[in-house]
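Down below is the structure, laid out as structure tokens.
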Amino acid sequence: MWTFDEKTDMITFQIDAAIEENQWLGLGLSKDTAMIKTDIYTGWYTNGVAYIQDRYASAKREPPIDQTQNIFNISASRNNGRTFLTFSRKRNTDDSSDEAFSDTECLYPLFAWGPVTSLSSLSIGYHSFRYNGVTEKLCIKSCSPQTSTTKPVPEPEKTTIAPAPEPEKSTTKPEPEPSLCTGKVSACPSGQCVAHLMWTFDEKTDMITFQIDAAIEENQWLGLGLSKDTSMTNTDIYTGWYTNGVTNVQDRYASAKREPPIDAIQNIFNVSGKRENGRTFLTFSRQRNTGDSSDEIFSDTQCLYPLFAWGPVTSFSSRTIGYHAFRYNGVTEKLCIKSCSNVSPEPEKPTSEPETTGEPEGEGEPGSCGAPPRGFNDTTGDSPHPMDCVDMVIGSAKGQLSRIGDYYSRDRSTPQKDEFYGGKDDLTAAYGFEDSNGYTTIMFRKKLRADERSDFSFLNEYMHVIWARGQEPGKFHHLPNVGLAENELSSFYKHDELKYHGHGGQRGIRRINFLDEPSGPVVGNCTQTWRNPSDNTHEVTWQYDSTTDSVQFTLKARLLQRQWIGVGISRDTFMPNTDTIVGWVNDDKTVTLIDGWASGRSVPATDTVQDVQGVRGTIENGITTISFNRRRDTQDQNDIAFSQNECVHLIYAKGGDYAVETGRFGYHDTTPIVSSGKICIPCPTVRPVEKFWVPYVFKLLGLLWQEVYNDANSAEFKKLKSDMESSLKNKFQRVNGFQKALVQKFSPGSINVNGVVEIQSDDQLQSKTEVSTELQNIVQEGRLSGYTVDSTQGSYKVGDPEPVKEVTAAPPSTDEKPILTETVWIIIGVGAGGLLLVLILGTCNCIRIHKNKKTQYTDERTKMYRNGFFQNDQSSSQEEPAKSDSMKYMDWRNMTHDMSQNQGPRTQNHYENPSYMPDVQTGKPPSYYYGYKIETYVNNE
């Protein structure tokens with residue numbers, strides 16, 4: 001069922017179904033009945049609590065929860081086994097994740113339900129029922145009669161709107177606006193004042209302190225808007241409440257008529273609240289000019305209208321507010337917060353040009369303009385804008401081309417290159433590229449020590465770090481509104497132009513210590529300590545006890561009165577889906593410690609089961625110390641388990657307020673610090689880093705085996721060994737811990753290369769895998785240092801790692817002159833004489849045998865030719881006694897040797913790299929040698 005209120009343009013939906021209490025119920029709004037690109041609303045009613053989420057399905061998987069929840073007036077109930085869900089939304093929410101209704105746009109309704117897999121993270125399982133059979137679209141149109149759509153109708157509006165802002169633009173003011181350091185204004189509809197706003201301006205700090213109060217319920221939010229024109233759109237908004245002793249105030253911005261999202265940067269300080277006589281009082285401070293485009297600016301010439309509103313808080317944990325139950329924009333005079341001192345009259349033609357000086361403000365040290373901002377100050381609340389006085393590196397890429405530079409930002413204007421401020425580009429290396437998926441990667445290198453005012457040194461502390469990315473064409477957000485016509489807006493932001501980054505996920509802030517090296521794994525009781533180098537009092541220690549399989553944490557920090565300290569356990573360094581433990585020491589010396597779960601960027605919800613034990617705490621010399629134990633794996637779905645295989649990040653947080661009466665706590669005052677590396681508990685076992693060999697063997701083709709390759713002192717062995725080791729070094733150096741590649745020997749089989757890769761590592765199995773991968777690449781390439789590598793399957797092998805063996809020293813070179821004794825010389829002389837005699841006798845015998853074989857070879861070759869041993873000859877059928885393989889090989893070799901004096905096709909050294917080798921295994925001599933038939937030489941001879 002649905003109801004449409006034309007005055008508010010709000011639709012109220014109610015959906016019900018007979019499902020179990022632990023199941024979710026869903027409504028989809030689709031253009032084509034398919035799940036993909038469907039606006040989805042899911043919810044359930046469990047333990048008296050209503051849960052409803054605004055989601056969007058971009059694929060066939062669990063639809064993620066929208067960043068902006070455009071639903072209001074949420075309620076639910078269970079009756080007679082059925083779940084009823086009710087919520088409201090605008091026809092057009094102006095959110096790309098929501099489908100829009102209009103007088104011409106209708107949508108198909110889809111129904112589904114299934115199991116709820118996690119209440120804390122609002123996760124839902126695959127639907128057990130789904131129905132998309134509604135054949136008619138759901139149309140929610142205007143209820144009033146349709147009027148003519150001819151163009152003359154809106155003309156009067158255009159003529160009346162255009163002159164409206166003219167009086168504000170005029171430099172002459174008909175009547176002076178009040179200039180006060182303190183003031184008060186009230187919301188008084190029908191003459192009855194229901195809300196009040198008071199302010200105080202401290203000219204020295206340029207800080208305004210607001211106090212707003214109204215007679216509302218404790219579970220309602222109270223809001224103050226600061227607007228240029230009394231409308232909600234483009235209004236700076238502050239909302240808050242005081243519930244169960246805890247004050248919660250948020251800085252928001254309304255870009256449209258929907259729930260204003262919370263600003264990424266909260267430019268409010270000194271927040272407090274109370275409840276008295278049925279009224280809620282909220283107090284907070286902010287700068288006149290925060291430097292944030294999401295905040296409206298007060299100045300001596302800029303005044304704003306105050307707006308009042310209140311309504312229901314729909315979720316305290318996610319700080320979600322419902323549609324306002326009361327709104328008042330009837331204050332007719334702007335709120336002006338000017339300098340309290342007597343100032344001279346404004347010139348008739350005030351200059352609007354920016355300052356011409358390009359130097360950062362201040363003198364002296366690098367990065368003057370004051371110290372670089374490092375987050376909010378715990379004591380003074382002073383918060384420079386994140387872009388003030390920041391050393392930047394900005395780059396863009398298109399394909400493999402990139403443009404990267406060294407920049408400096410002195411304020412909220414467009415950053416300028418360092419040369420603009422008299423410096424230089426101090427990047428020592430830079431590279432960037434854009435991959436096929438549109439992701440840009442920028443890499444750069446710069447020195448740790450800065451020597452210019454436009455650069456900052458890298459310090460051993462947690463430094464202020466900001467990041468941003470450019471807006472996509474056609475999708476941009478800009479404040480104040482740019483002076484472009486509607487048809488020009490879509491092309492305002494072009495690719496790779498340095499312009500305003502926008503809001504939300506386009507920018508961010510982190511605190512990073514670039515010099516903080518993660519401590520390595522620890523053996524034994526596995527104790528580690530993190531300490532903030534810029535605040536030595538803030539530290540976290542954890543110790544694993546294997547006997548109880550538990551971890552003891554100790555948190556320590558210097559805190560202000562009524563501040564908490566905590567630690568988060570995260571899988572991905574972000575606050576959403578983080579296991580949190582927050583605590584403080586009360587005035588009566590008792591300790592409050594809360595085990596919770598942060599499902600988003602809001603105050604974590606308290607776990608149903610508190611998995612912390614042995615809680616202790618003290619405050620000594622202003623330093624709070626809290627220690628506790630928790631199981632390594634609590635088996636609680638709202639706790640993240642420690643594991644040696646799934647390591648986690650720790651998040652170190654402190655500084656928010658708390659309420660003793662209710663045990664609730666507020667938002668942290670400073671940006672939490674995330675551990676630079678993952679932490680594994682139990683600590684990984686430390687394996688010794690040692691040297692070892694990984695054996696390998698592969699085969700070379702195109703080389704004829706000779707005994708010279710079995711002689712380590714031969715020239716042929718040394719040359720082939722040198723060629724192989726040089727090329728293998730280049731291939732295996734990608735192996736982690738690679739030391740060198742050695743060739744130990746060659747063996748027959750064409751030529752097998754046998755060697756080892758020497759590696760220094762703590763993981764022998766991984767090293768063997770890496771060596772095998774590199775050797776496989778070599779085999780697949782089929783070439784190595786000009787030689788042919790056998791690429792057939794099973795032609796290579798990698799053995800198991802083995803200890804390094806002492807390599808036998810090479811024999812002394814011929815240049816060395818060893819000293820020999822007289823006895824040795826006599827032995828050598830006798831041996832040489834005997835050897836000479838053997839050579840003479842052997843030579844005579846060889847001559848005699850050669851003459852006999854000469855005739856035999858001619859007869860043998862004639863028989864071989866006739867018996868069809870050579871290619872394309874089947875003419876002879878005469879049988880010849882079978883010869884051994886070695887004899888056939890000798891026949892072939894001697895035939896080729898006989899041609900050494902002819903003009904036959906021989907190389908200078910045909911053994912070194914012949915083009916063909918005889919297949920001794922088949923018993924057939926080769927049919928070609930260097931491209932000529934052997935038949936030719938038989939006939940010639």
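Numbering (the UniProt record's numbering) for the sequence shown: 1 to 941. Beta carbons: idealized from backbone N, C-alpha and C, even for Gly. Quick caveat, the model's predicted, so the values are computed rather than measured.
At a Cβ-Cβ threshold of 7 Å, lysine 740 and glutamate 774 do not count as neighbours. The shortest C-alpha to C-alpha distance from tryptophan 44 to any of Val246, Gln69, Ala18 is the one to Ala18. Around the beta carbon of methionine 463, 16 or more other beta carbons sit within 10 angstroms, so the residue counts as buried. Contact annotation, glutamate 725 with valine 743: C-beta distance approximately 5 Å; criterion of less than 8 Å satisfied. By the Cβ-count criterion, tyrosine 131 is exposed, with fewer than 16 other Cβ atoms from all chains shown falling within 10 Å of its own Cβ.
Under the criterion of beta carbons closer than 8 Å, serine 318 and serine 602 qualify as touching, at roughly 5 Å.
Non-local C-beta neighbours of lysine 257 in its own chain, meaning closer than 7 Å and more than five positions away in sequence, comprise Met232, Thr233, ordered along the chain. DSSP places methionine 463 within a strand segment (E or B) once states are collapsed to three. Around the beta-carbon of valine 49, fewer than 16 other beta-carbon atoms lie within 10 Å, marking it exposed.
Taking every protein chain shown into account, the CB of threonine 608 has fewer than 16 other CB atoms within 10 angstroms, so this residue is exposed. Here valine 757 is near valine 694, since their CB atoms are less than 7 Å apart. Out of Ala659, Asn577, Val674, the CA that lies nearest to the CA of alanine 641 is found in Asn577.
Pairing isoleucine 140 with tryptophan 24 gives a Cβ-Cβ distance that is not under 7 Å. Annotation: glutamine 561 is outside any beta strand (DSSP E) and is labelled neither H nor E by DSSP. The beta carbon of glycine 568 sits closer than 6 Å to those of Thr578, Thr580, Ile651, all from its chain and outside the five residues before and after it, given in chain order. Using a Cβ distance threshold of 7 Å, leucine 459 and lysine 446 do not count as a contacting pair.
Here cysteine 106 is near lysine 137, since their CB atoms are less than 7 Å apart. Judged by their CB atoms, tryptophan 221 and threonine 239 are nearer to each other than the 7 Å cut-off. Boundaries for lysine 137: no beta strand (DSSP E) harbours it, and the DSSP string shows neither H nor E there. For asparagine 244, same chain residues with a beta-carbon under 8 Å away, outside a window of 5 residues either side, are Ala659, Glu661, Thr662, Arg664 in chain order. For threonine 773, the enclosing alpha helix (DSSP H) covers residues 764-781. Arginine 616 is bridged by DSSP to Ser627. Looking from the CA of alanine 215, the closest CA among Gly566, Asp516, Glu276, Gln543 belongs to Glu276. A direct Cα-to-Cα measurement between glycine 622 and leucine 110 gives close to 59 Å. The C-alpha of glycine 422 is placed about 8 Å away from the C-alpha of serine 454. Each residue's CA atom was taken as its position, placing glycine 114 and glycine 273 some 42 Å apart.
Note on glutamine 793: under 16 other CB atoms within 10 angstroms of its CB, so exposed under the neighbour-count rule. The alpha-carbon of arginine 61 is positioned some 13 Å away from that of alanine 34. If you look at leucine 728, you'll find it in the alpha helix (DSSP H) that goes 715-732. Rounded to whole angstroms, the gap between the alpha carbons of threonine 12 and serine 88 is 4 Å. The beta carbon of glycine 656 is closer than 7 Å to those of Gln563, Trp564, Phe665, Gly666, Tyr667, His668, Asp669 in its chain, skipping five residues each way along the sequence.
Methionine 387 counts as buried, since no fewer than 16 other beta carbons sit within 10 angstroms of its beta carbon. Of Ser550, Thr547, Gly737, the smallest CA-CA separation from serine 761 is found for Gly737.
Contact between the stretch 323-334 and the stretch 292-312 is present, with at least three C-beta pairs closer than 8 Å. Under the three-state reduction of DSSP, glycine 834 is assigned to helix. Here DSSP, grouped into helix, strand and coil, assigns glutamate 690 to strand.
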